[in-house]
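Trainee:
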Amino acid sequence: MTLPLDEKYSRQLLFAGVGPEGQRRLLSSGATIVGCGAIGAAVANLLARAGVGRLRILDRDFVETSNLQRQVLFDENDAREALPKAVAAERKLRSLNSDIHIEGIVADLNSRNVQELLSGFPLILDGTDNFETRFLINDFAVQSGTPWIYAAAVASYGLSFVIRPRETACLACLLGPEGALGLEETCDTVGVLGPVVNLVASFEAAEALKILSSNASALHGRLISCDVWTGRLQSVQPERNPACRACAQGEYRYLHGEAQPHITMCGRDSVQIHERGRVLDLPALEKRLSSTIPGVRQNGFLLRFQVTPYEMTVFTDGRAILKGTKDPAVARSLYAKYIGA
Ligand SMILES: [Zn+2]
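So the sequence shown is numbered by my numbering: it starts at -18 and just counts up by one.
1) Please report the distance separating the alpha-carbon of residue 309 from that of residue 319.
2) Check residue 307 in the structure and name its three-state DSSP category.
3) Suppose only complete runs of 4+ residues qualify. What are the alpha helix (DSSP H) ranges in the stretch 105 to 144, listed by chain order?
4) In the DSSP assignment, find the alpha helix (DSSP H) that holds residue 183 and state where it starts and stops.
5) Who's in the neighbourhood of ligand 1, going by beta-carbon under 5 angstroms from any heavy atom, listed in chain order?
6) Indicate whether residue 11 and residue 78 have their beta-carbon atoms separated by less than 8 angstroms.
7) Assuming the contact rule is C-beta atoms closer than 8 angstroms, residue 66 and residue 43 should be a hit. Round their C-beta distance to whole Å, please.
8) Flag this pair as yes or no: are the beta carbons of residue 89 and residue 255 separated by less than 8 angstroms?
9) Would the beta-carbon of residue 6 fall within 8 angstroms of that of residue 193?
10) Residue 1: buried (16+ other C-beta within 10 angstroms of its C-beta) or exposed?
11) I need the straight-line Cα distance from residue 151 to residue 172, nearest angstrom please.
12) Is DSSP giving residue 211 helix, strand or coil here?
13) Under 8 angstroms, do residue 81 and residue 29 count as touching if we go by C-beta distance?
14) Is the distance from the Cβ of residue 107 to the Cβ of residue 209 below 8 angstroms?
15) Grab the span of the beta strand (DSSP E) containing residue 40 for me, first residue to last.
16) Is the number of C-beta pairs between the stretch 91 to 102 and the stretch 226 to 233 that are closer than 8 angstroms three or more?
17) Would you tell me roughly how many angstroms separate the C-alpha atoms of residue 296 and residue 284, rounded to the nearest one?
18) Using only alpha-carbon positions, find the residue among 269, 105 and 4 that is nearest to residue -13.
19) Distance, Cα to Cα, residue 314 vs residue 306?
20) Exposed or buried, residue 279, counting other C-beta atoms within 10 Å across all chains shown (16 or more means buried)?
21) Can you tell me whether residue 186 is buried or exposed? The criterion is at least 16 other CB atoms within 10 Å of its CB, across all chains shown.
22) Distance check for residue 111 and residue 165, CA to CA, integer angstroms please.
23) Give the range of the alpha helix (DSSP H) segment to which residue -9 is assigned.
24) For residue 204, which of helix, strand or coil comes out of DSSP?
25) Please determine whether the Cβ atom of residue 192 lies at a distance below 7 angstroms from any heavy atom of ligand 3.
26) Whose C-alpha, out of 235, 98, 9 and 214, is nearest the C-alpha of residue 40?
27) Could you tell me which residues DSSP puts in a beta bridge with residue 217?
28) Would you list, in sequence order, the uninterrupted beta strand (DSSP E) runs of no fewer than 3 residues that lie entirely inside the stretch 68 to 94?
29) Kindly indicate which three-state DSSP category residue 24 falls into: helix, strand or coil?
30) Among the candidates 143, 87 and 72, whose CA atom is the shortest distance from the CA of residue 198?
31) Taking 8 angstroms as the limit between beta carbons, can you name the residues of its chain near residue 156, skipping five residues before and five after?
32) What residue range is occupied by the uninterrupted beta strand (DSSP E) comprising residue 253?
33) Smallest Cα separation from residue 115: which of 260, 233 and 298?
34) Just list the residues that DSSP pairs residue 43 with in beta bridges.
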């Protein structure tokens, strides 16, 4: 039985800022959410329930038990099955709202697939956990004139800011040409609280609803930062940098993928191995590896095995995440040994 739309969105229809016209606009709009960890999952949850008509969710990772404390779309079964987050999120969101189109894509956003994955949506939402990907989103957004919303949280602190190319500051204006790539503190080193993630995601989702319901005049234009432990809440209006390499000079170095390294750090004590254009037959690989390694598991999306002290997870596109080392040489040699050179 189809649920009546007016009833589903009744409390949002009553809200003067949305109303029936705003709701129609939301239903015919869409957004891409890059990264479906804590902030991405929370923002996807809010936008799916609000009736944003098309949601594309990109994520490169799979659900683990340590995610459940703050990643609201996932449950213990998802962690037990090691489902890719994009797949688990798509399933959960479909059960929350069957009126909208939800597409989960298991992929690592990079300079080679950015045009294909981010084109065709009027808004991009940040659910990533690293500045490399944020600068890639920023370059794409500024070049294509697409608004995007920056959001981040670590420990009890978080921030969010709407970037409208050439109207507001962009990420390169905020962080300078080299950005904050040297930032040491991450959720893997100092942890993160569920409440700050949900607060930041709420600021991000509220601005998204304004943009997608054609209420751009309601955007507050401020960078909001908050700390749920101290109760401090601040907002500033960042200035554009007239010499910004991205939004002033049109220099999009991240789009040109000036050397995405073959192996990158990915969380504490793990590395990601990027493979171009390799397609893996997981059942065949499972069969081959099982003859020498006990406990090889695959679920159609990824295959995982342990060779103490390492744990390797390989995806169908050939990408792999190796836990237990930060050493690219170790990662390269294990990949070559078990998956292929
Ligand atoms: Zn800029």
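Here a beta-carbon is modelled for each residue, glycine too, at the ideal position from N, C-alpha and C. All values derive from a computational prediction rather than experimental measurement.
Mentor: Judging by the given coordinates:
1) As a working mapping, residue 309 is identified with position 328 in the sequence shown. As a working mapping, residue 319 is identified with position 338 in the sequence shown. Approximately 15 angstroms, taken between the alpha carbons.
2) As a working mapping, residue 307 is identified with position 326 in the sequence shown. Residue 307: coil per DSSP, three-state reduction.
3) 112 to 125
4) Numbered from its first residue, the sequence shown carries residue 183 at position 202. Counting along the chain, the alpha helix (DSSP H) containing residue 183 begins and ends at 175 to 193.
5) 151, 153, 154, 225, 227 and 228
6) On the sequence shown, position 30 is the one that residue 11 refers to. On the sequence shown, position 97 is the one that residue 78 refers to. No, they are not a contact pair.
7) Walking along the sequence shown from the start, residue 66 turns up at place 85. Walking along the sequence shown from the start, residue 43 turns up at place 62. Going by Cβ atoms, the distance from residue 66 to residue 43 rounds to 6 angstroms, so yes, they are a contact pair.
8) Indexing the sequence shown from 1 puts residue 89 at position 108. Indexing the sequence shown from 1 puts residue 255 at position 274. Yes; because the gap between Cβ atoms is below 8 angstroms, this pair is in contact.
9) In the sequence shown, residue 6 corresponds to position 25, counting from 1. In the sequence shown, residue 193 corresponds to position 212, counting from 1. Yes.
10) In the sequence shown, counting from the first residue as 1, residue 1 sits at position 20. Here residue 1 is exposed: its Cβ has fewer than 16 other Cβ atoms, across all protein chains shown, within 10 Å.
11) As a working mapping, residue 151 is identified with position 170 in the sequence shown. As a working mapping, residue 172 is identified with position 191 in the sequence shown. Their Cα atoms are separated by approximately 27 angstroms.
12) The residue you call residue 211 lines up with position 230 of the sequence shown. Residue state for residue 211 is assigned as coil, using DSSP reduced to three classes.
13) Taking the sequence shown and counting its residues from 1, one reaches residue 81 at position 100. Taking the sequence shown and counting its residues from 1, one reaches residue 29 at position 48. Cβ distance < 8 angstroms, so residue 81 and residue 29 count as in contact.
14) Your numbering for residue 107 matches position 126 in the sequence shown. Your numbering for residue 209 matches position 228 in the sequence shown. It is not a contact, given that the beta carbons lie outside the stated cut-off.
15) Working through the sequence shown from its first residue, we reach residue 40 at position 59. Taken as a continuous stretch (DSSP letters only), the beta strand (DSSP E) holding residue 40 covers 35 to 40.
16) no
17) For this step, residue 296 is matched to residue 315 along the sequence shown. For this step, residue 284 is matched to residue 303 along the sequence shown. About 7 angstroms.
18) For the purposes of this step, residue -13 is taken as the residue at position 6 of the sequence shown. Checked all of 269, 105 and 4; the closest Cα to residue -13 is 4.
19) Against the sequence shown, residue 314 aligns to sequence position 333. Against the sequence shown, residue 306 aligns to sequence position 325. Distance between the alpha carbons of residue 314 and residue 306: 12 angstroms.
20) Stepping through the sequence shown from its first residue, residue 279 is reached at position 298. Buried, by the Cβ-count rule.
21) Counting from one through the sequence shown, the residue named residue 186 turns up at place 205. Answer is buried; the Cβ neighbour count reaches 16.
22) Here residue 165 is taken as the residue at index 184 of the sequence shown, counted from 1. Here residue 111 is taken as the residue at index 130 of the sequence shown, counted from 1. Below a pLDDT of 50, predicted positions are generally treated as unreliable, and residue 165, at 49, falls in that range; the measurement from the model is reported next regardless. C-alpha separation (whole angstroms): 11 angstroms.
23) To locate residue -9, count along the sequence shown from 1; it is residue 10. Note, residue -9: alpha helix (DSSP H), -9 to -5.
24) Residue numbering aside, residue 204 sits at position 223 when the sequence shown is read from its first letter. Strand, per DSSP.
25) Because ligand 3 does not appear in the structure shown, any question about it cannot be addressed here, the ligands present being ligand 1.
26) For the purposes of this step, residue 40 is taken as the residue at position 59 of the sequence shown. Of 235, 98, 9 and 214, the residue nearest in Cα terms is 98.
27) Stepping through the sequence shown from its first residue, residue 217 is reached at position 236. Answer by DSSP bridge pairing, in chain order: 204.
28) 82 to 87
29) Taking the sequence shown and counting its residues from 1, the one referred to as residue 24 is at position 43. Here residue 24 sits in helix by DSSP.
30) Residue mapping note: residue 198 aligns to position 217 of the sequence shown, counting from 1. Comparing Cα positions, the closest option is 143.
31) Residue mapping note: residue 156 aligns to position 175 of the sequence shown, counting from 1. Only 112 meet the Cβ criterion.
32) Taking the first residue of the sequence shown as 1, we reach residue 253 at position 272. Residues 251 to 254.
33) Against the sequence shown, residue 115 aligns to sequence position 134. The residue with the shortest Cα to Cα distance from residue 115 is 233.
34) On the sequence shown, residue 43 is found 62 positions in, with the first residue counted as 1. Residue 43 pairs with 65.
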